[in-house]
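Participant:
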Amino acid sequence: MNDAASVDAAPAARKWSRRFAALGQFGISLLPGIVLLVFWQWASGRLIKEIYVSKPTAIAARLYELFASGEIIPHLITTGQELVLGYVIGVAGGVIGGYALGRSPRLARIFEPYVMAFYGIPKIALAPLFIIWFGIGIGSKVALASIMVFFLVFYNVFSGVRSVDRELVNLTLVMGANQRQLTWHVYLPAASPYIILGMRMAIPYSVIGVIVGEFTSSIQGLGLFIHEASSTYDPAGVFAGIILLLGFVLIANFLAGRLERRLLRWKNPTTQPPSDI
Amino acid sequence: MNDAASVDAAPAARKWSRRFAALGQFGISLLPGIVLLVFWQWASGRLIKEIYVSKPTAIAARLYELFASGEIIPHLITTGQELVLGYVIGVAGGVIGGYALGRSPRLARIFEPYVMAFYGIPKIALAPLFIIWFGIGIGSKVALASIMVFFLVFYNVFSGVRSVDRELVNLTLVMGANQRQLTWHVYLPAASPYIILGMRMAIPYSVIGVIVGEFTSSIQGLGLFIHEASSTYDPAGVFAGIILLLGFVLIANFLAGRLERRLLRWKNPTTQPPSDI
Amino acid sequence: MTGQVLAFDGIGQDFATPGSGGRIRVLDGISFDAEPGQFVAVIGPSGCGKSTLLQMAAGLLMPTRGNVKHHGRTIDSVNQAVGFVPQQAQLFPWKTLQENVELPLVLRSVPAEQRRAQVAKAIEAVGLKGFENYYPNQLSGGMQKRGSIARTLVYRPDVILMDEPFGALDAQTRMVMQNDLQTLSAEAGATVIFVTHDITEAVVLADRVVILSQRPSRLLANIAIDLPRPRDVFEPFKNPGFEQAYDAVWSVFRSQIDIRGAH
Amino acid sequence: MTGQVLAFDGIGQDFATPGSGGRIRVLDGISFDAEPGQFVAVIGPSGCGKSTLLQMAAGLLMPTRGNVKHHGRTIDSVNQAVGFVPQQAQLFPWKTLQENVELPLVLRSVPAEQRRAQVAKAIEAVGLKGFENYYPNQLSGGMQKRGSIARTLVYRPDVILMDEPFGALDAQTRMVMQNDLQTLSAEAGATVIFVTHDITEAVVLADRVVILSQRPSRLLANIAIDLPRPRDVFEPFKNPGFEQAYDAVWSVFRSQIDIRGAH
Amino acid sequence: AQQTVRIGQGVPTLSFLPLWTARALDSFKAQGLTANAVVVPGGDAAALAALDAGDVDLAAVGSDTLMRAYAKGQPFQMVYSLMSKVTLDLVVAPSLLERAGVAPNAPLDKRLAALKGATVGVSAIGGAQEAAARWLATKGGLDPKADIKVAQVGNPVAIEAALENKRIDAFVLSPPAGYIAEKAGAGKVLVSMGDDFPQLAHQPYLVLAVKKPVDAAKAELIVKTARALQAASAALAQKPDETAQAIQKQFFAKADPEAIVIAVKSLKSGTADGGKIDREGVQNAITSARDIGVDFGKQFDAAGSENDLWTNSYVTDALKK
Ligand SMILES: Nc1ncnc2c1ncn2[C@@H]1O[C@H](COP(=O)(O)OP(=O)(O)OP(=O)(O)O)[C@@H](O)[C@H]1O
Ligand SMILES: Nc1ncnc2c1ncn2[C@@H]1O[C@H](COP(=O)(O)OP(=O)(O)OP(=O)(O)O)[C@@H](O)[C@H]1O
Ligand SMILES: [Mg+2]
Ligand SMILES: [Mg+2]
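Take a look at the structure:
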């Protein structure tokens, strides 16, 4: 609302105060995490047995141990590869598929229900097929993760493309655009809020895909590590593994946030979102 | 493009030809399914062992058997309840949470990363915790399903609310709207394409949530049925269970499609989407 | 100087220029005010900051310098006491014309029956009878704009801010609506701030015409139009004294043309 | 009758009315055409179907009855041989002004260097120099409209369809741009279909003025304006013969006013 | 009145033979019980969590998981031995033997040495199966960490698919997986652990666990359950074929009947002692767990943990009339 409230201040001071505010923001956003950790530490052994939830100090110690011994490194690398590959393949497929069906209502009417139905299949029930087709190595996890990612990206791109303003499309056609140009100059930018939303939501699901995959079959990876820790009553190990997964998620989310700000710069170039409630 | 192409025809004829076209459409959209079934039937035992993929005729026979004996009914009812409850709770939570964070950039900056991180946690790894907290009954499945649904709906509503045109919001405020009215008359309708998208994508995920829950622990339900079929070497049973799950998904998707057309009527009231590629 | 409904006091507005990181000065010390029931027309070159001024009066934008007072109170949040017809029609695309026009009454909890009557009257007044169930994207540009006007006039606000309301209308519709607006504002005693590009329109409707300069915009003149009311909007030049008033405004305006030069 | 660039032949257009399931007749047998290099102005009441006609010429809407021919060929798909300035500016919100104006050239694979020069010239011509890096939502309504005009003129199409291009502009900017358009269309020999609400504008710019009636819209008149060129757009009434031409148009138009009646 | 007993089970394998038998023959009914089988596919740890939460009365789990939980201070106690021998089979792909040039009838350690460089599938890493695979490798003179790779492959059908498609070279699972693989020509049962290693043939391998403390009503329930299971085991010993068929029809209707019958027969010997848990057996279990490298993180032995980790009193009570 008060876009211009701070406009009077001298540029240098503004810059500093902005940095300061950003720092404050960051501090505030850490707060719930800290509260959670403290509560966890307190509740563990009091409200709920440590064997089920471990506790932050134990997890920190376990994490240190895992890195100091290097034991976790190969798991980290494997899972990292699976995540990146699965995510990239899924996003690429989702964008292409969603775009095609979004542009062609006819194709959409035919195939959309199948895509939806395919997602209702509990993939765990298809474990044998996955093993036969993709093996027990990195392949089956990449496949699962990219399927998960595909779905979310697919639906978002599909909806995004369908929501593009017809009049802009028509205008661009009159201007002389061919289909490829229409895609690049109109459909993709106009659908970008949806595409980015899909890419963001897909981040944790790529992790879920990889973990489900590793639970189903694997030789190495964080999911396997977590599963092993869980069946050998090593709760600190379980949560240490989870924390590492969260690391992946948060890094990817941070990168996606930057991409979003970059691509959607045009939406609110100088001003802040309105009417904070 | 040719909105008006069929405009000359007499209304009655138009109505019929439209019905006919709809029927044709429906037929065409069954085609890939039929092709798939035929291929499946053929490939089973030829390209891949029947024990891994069963075959359509065997599955149909198994389905008949399950319904004739009534064996599947209690499973169906349990899973149906879990799905509906999980979905409704998840959607409600997602809309409220997404709306609150969408309206308040401050809250969003603080909590959004936590929501994202929470989804990176592989829920399967926390099976013991879920059992401790929600028991082995319907509770833990509803919890899992609604968590899955929540996330998708949350993110879509969040993005939808943030994408609402500021100028319309401002105008409504000037007109004298209070916060509640702003929500009903502007934010929710403007964000409805996103909300509906989230609700649609959440359909198969509610199924996944329930199935993961039933795979973790259960007394009754389709997930359990599938799990038992798979560990007692009954591939037709596995796929019969999957088909029933798909039934849920497709019915829900159909209903969501109708809701969508109803709520988004204003988007393209009389005309068809443009530029089929 | 008391009793002003709206007072713009030394308004200045800077915007950040994209890319360069610099700032562009749009408004540079604009002061004028509107007394109760007064009809103030604002004219000025495209991009000089007229819409920006109206936004400030509606409390949607805080000026960089100076302030806008409404009944003596500095506006520092959304101003719900004014009616605002924005430059783009901005109807709600998910509401039919009827629902759009009805909204301000719904927001004010006017009973349904009374609402229906008022809405029907407002829609009729802008010549859109029969289009009640159309969605905005089924209406022509001018019809949308008229819907937007009906939506504001339907709840009879004391202060009306109008941003080029009649710009997209043909001569005949425009004259009818000018006439209606004149009658309405006189009857209801509403204060109107009216942005327009049409000098004839400004002169025939307004009590005062505020003329802004090119960006960075200053107040070039604030000219009182003392023609008797009611005025004939259908043949403006037949109003006694119109020509002099027109020339007074036009001569100020003319000075601006010369800046860009006629080739 | 050969050699027409655009020919509207017995155009009729019905739209489904929402709710009732009936149909509303918007255009009812409109026929007129434009010869090469001709400047045709279309005027008519708000909502009579002027924008609908332009959409047909651009191939974005197929008429219910009749057809539009372009160089003798019936238009049955998007017409890429015309330039179209829509009623709402419709700039691409994700592109800066510069990128918006550049787009048609990019679509035509014009080399970057030449593109830059042409874009700079077009932006300068509409008086938006200095705003190249602004996104559309940072521009005023009139500036957006001018951007939209620049985007069409930049690639010099043979046929230009303009839907109230100067409606949102102040008198001075409008005159400068009218003058530029006159020069440009004369130099390039472009055929222009120009929808406007301003009779003066129509008469001073056009070779023919097409006047449409209220909905269901018929062709009221198609009046040739045989004033010598170049014409003085800054003081239209000083053009020899202008007054008669104006009166010819106005008298047709006037008949329409009386239908709704001056109260 | 009928009383309900809720039994949680982590993995629905045939090795929990007394449970299947009792359900197939409904020997619970004679004790005035209705058995409510709660499947906890989340695994033994999840089944024990359900026990801890009070959602089930008894949990049927592997003794190794139970001992781990016990070592962590969980209040669980084994009250009935469902399977008194290690039932795992090592099944290898024929190609593995060919590659190593080992005959199927070669001495045990030679056979096991063929595992060098192999990937062995198990249904869960961190459980008894992984431990068994690595232990077998040491018996073949191999380095259990470096010389074999152990892969987690979800369910039995998936493991078979993996073996058949050369994704793994061998697997360690309970019957009937080995028979089915042999029948499909995909694998060869190389070692039956309970038969080939005497110390593995006498120990509580799969057990029923309860949460302490046990009140009188719960104690009665346990005794009744034990009686039902004993009755089932007795029936199995008398009429192995009929019983096996009953199990197959009721629970494995779609599986190959022959494989189930053979499997039931081979497992039968592990149910012969009516659920008895003794000091020697428990000690065997502890030692073999330690042998294969399980670190309980706490020292305890069979004698010291009697009536804490384990008790035979319910079985004894059940035998009294
Ligand atoms: N968010 C913004 N960032 C930068 N500049 C802006 C922004 N909003 C408006 N401006 C600039 O402010 C100036 C005035 O805009 P405004 O819309 O008030 O003009 P106007 O007088 O209403 O013009 P018009 O008659 O064309 O509608 C323009 O030059 C515009 O570029
Ligand atoms: N999709 C539609 N469905 C129903 N009616 C429509 C639709 N599109 C346009 N119309 C009707 O067609 C008529 C003509 O619209 P058009 O936009 O061509 O008018 P116009 O002459 O350009 O008016 P203006 O000067 O106000 O821009 C209007 O009455 C409008 O309601
Ligand atoms: Mg403006
Ligand atoms: Mg129009």
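Protein chains in written order, with the numbering used here: chain P, 1007 to 1283; chain E, 1007 to 1283; chain C, 48 to 310; chain U, 48 to 310; chain D, 21 to 341. Note that CB positions come from ideal geometry on N, CA and C, so glycine has one too. As the structure is a computational prediction, the values presented were derived from the model and not from experiment.
1. What residue range is occupied by the uninterrupted alpha helix (DSSP H) comprising GLN219(C)?
2. Are the C-beta atoms of ARG1264(P) and some chain E residue less than 9 Å apart?
3. Give a single yes or no on whether PHE62(U) has its beta carbon closer than 8 Å to a heavy atom of ligand 2.
4. Can you tell me whether DSSP reads GLU282(U) as helix, strand or coil?
5. If you draw a straight line from the alpha carbon of ALA105(U) to that of ASP205(C), how long is it in whole angstroms?
6. Considering only residues of the same chain and omitting the five flanking positions on each side of VAL1013(E), which have a CB-CB separation below 7 Å?
7. Determine the extent of the beta strand (DSSP E) in which ARG112(U) is found, giving its start and end residues.
8. Determine, using beta-carbon pairs with one atom in the stretch 219 to 235 of chain U and one in the stretch 274 to 284 of chain U, whether at least three such pairs fall under 8 Å.
9. When Cβ atoms are compared, which residues of the stretch 38 to 72 of chain D fall closer than 9 Å to chain E?
10. If the criterion is Cβ atoms closer than 9 Å, does the pair LEU1135(E) and VAL1101(P) meet it?
11. For LEU154(U) versus GLY1039(P), is the C-beta spacing smaller than 9 Å?
12. Any beta carbon from chain P within less than 9 Å of LYS1273(E)'s own beta carbon?
13. With a threshold of 8 Å (Cβ to nearest heavy atom), would SER98(C) be considered close to ligand 3?
14. Counting only runs that start and end within the stretch 192 to 220 of chain C, where is the beta strand (DSSP E) found for 3 or more residues in a row?
15. Report whether the distance from the Cβ of ARG1271(E) to the nearest heavy atom of ligand 2 is below 8 Å.
16. Does the contact criterion of 3 or more C-beta pairs under 8 Å hold for the stretch 90 to 97 of chain U versus the stretch 186 to 196 of chain C?
17. I'd like the span of the alpha helix (DSSP H) that includes ASN1176(E), first residue to last.
18. Can you pull the chain D residues whose beta carbon is under 7 Å from the beta carbon of SER1224(E), in chain order?
19. Residue range of the beta strand (DSSP E) that ILE188(D) falls in?
20. Would you say GLN134(C) touches ligand 3, meaning its beta carbon is less than 8 Å from a heavy atom?
21. By the 9 Å beta-carbon criterion, what residues does the stretch 84 to 112 of chain D contribute toward chain P?
22. Could you name the residues of the same chain whose beta carbon sits closer than 7 Å to that of ALA235(C), not counting the 5 residues immediately before and after it, in chain order?
23. Starting from THR139(D), follow the beta strand (DSSP E) in both directions and report where the run begins and ends.
24. Please confirm whether any heavy atom of ligand 2 lies closer than 8 Å to the CB of CYS95(U).
25. What is the rounded straight-line gap between the Cα of GLY1145(E) and the Cα of ASP46(D)?
26. Compare the C-beta of GLN127(U) with all C-beta atoms of chain P and state if any pair is closer than 9 Å.
27. Tell me where the beta strand (DSSP E) around ARG70(C) begins and ends.
28. Candidates ALA1242(E), ASN1176(E), VAL1167(E): which alpha carbon is nearest ASN126(C)'s?
29. For SER1169(E), name the three-state secondary structure that DSSP assigns.
30. Take every Cβ of the stretch 101 to 118 of chain D, pair it with every Cβ of the stretch 1198 to 1208 of chain P, and state whether three or more of those distances are shorter than 8 Å.
31. Identify the contact partners of LEU216(C) in chain U, using a Cβ-Cβ distance below 8 Å as the criterion.
32. With respect to the beta strand (DSSP E) encompassing ASP61(U), which residues constitute its N-terminal and C-terminal limits?
33. Looking at the strands, I want to know which residues DSSP matches up with TRP330(D).
34. Any beta-carbon of chain P closer than 9 Å to the one on ASN9(U)?
35. Could you name the residues of the same chain whose beta carbon sits closer than 6 Å to that of PHE1140(E), not counting the 5 residues immediately before and after it, in chain order?
36. Taking only heavy atoms of ligand 4 into account, decide whether any of them is closer than 8 Å to the Cβ of GLU211(U).
Facilitator: Looking at the coordinates:
1. Start and end: 218 to 235.
2. Chain E contact via Cβ: absent.
3. At least one heavy atom of ligand 2 lies closer than 8 Å to the C-beta of PHE62(U).
4. Looking at GLU282(U) - three-state DSSP - the assignment turns out to be coil, as it is neither helix nor strand.
5. Separation of ALA105(U) and ASP205(C) (C-alpha to C-alpha, rounded to the nearest whole angstrom) is 45 Å.
6. Residue confidence for VAL1013(E) is low, a pLDDT of 37 falling below 50, so the modelled location carries little weight; the figure read from the coordinates is stated next. Only residues of its own chain outside the window of five on either side were considered, and among them none has a CB closer than 7 Å to the CB of VAL1013(E).
7. ARG112(U) -> beta strand (DSSP E) spans 112 to 117.
8. Yes, the stretch 219 to 235 of chain U touches the stretch 274 to 284 of chain U.
9. Per Cβ criterion, the list reads ASN56, ALA57, VAL58, VAL59, VAL60, PRO61, GLY62, GLY63, ALA65, ALA66, ALA67, LEU68, ALA69, ALA70, ASP72.
10. Going by beta carbons, LEU1135(E) and VAL1101(P) fall outside the 9 Å limit.
11. Not a contact, by the Cβ cut-off of 9 Å.
12. Closer than 9 Å to some Cβ of chain P, the Cβ of LYS1273(E) qualifies, so yes.
13. Ligand 3 approaches SER98(C) closely enough that one of its heavy atoms is under 8 Å from the residue's Cβ.
14. Whole beta strand (DSSP E) segments, 3+ residues: 206 to 210.
15. Result no, Cβ not under 8 Å from ligand 2.
16. The answer is yes - the stretch 186 to 196 of chain C touches the stretch 90 to 97 of chain U, with three or more Cβ pairs under 8 Å.
17. Its alpha helix (DSSP H) spans residues 1172 to 1180.
18. Neighbours of SER1224(E) on chain D, chain order: VAL59.
19. No beta strand (DSSP E) holds ILE188(D); DSSP gives it neither H nor E.
20. Result yes, Cβ under 8 Å from ligand 3.
21. Residues passing the 9 Å Cβ filter: THR85, ARG88, ALA89, ALA91, LYS92, GLY93, GLN94.
22. The beta carbon of ALA235(C) sits closer than 7 Å to those of ARG203, all from its chain and outside the five residues before and after it, given in chain order.
23. For THR139(D), the enclosing beta strand (DSSP E) has its first and last residue at 139 to 142.
24. At least one heavy atom of ligand 2 is nearer than 8 Å to the Cβ of CYS95(U), so yes.
25. One C-alpha to the other measures close to 30 Å.
26. For GLN127(U), at least one C-beta of chain P is nearer than 9 Å to its own C-beta.
27. Taken as a continuous stretch (DSSP letters only), the beta strand (DSSP E) holding ARG70(C) covers 70 to 81.
28. The option with the nearest alpha carbon to ASN126(C) is ASN1176(E).
29. Here SER1169(E) sits in coil by DSSP.
30. No, they do not touch.
31. Simply SER93, HIS244.
32. Start and end: 53 to 63.
33. Its beta-bridge partners are MET98(D), GLU326(D).
34. Given that chain U is displayed from residue 48 to residue 310, the structure contains no residue 9(U) and the question cannot be resolved.
35. Within its own chain, the residues whose Cβ lies closer than 6 Å to the Cβ of PHE1140(E), once the five positions on either side in sequence are excluded, are SER1146, ALA1149, listed in chain order.
36. True, at least one ligand heavy atom lies under 8 Å from that Cβ.
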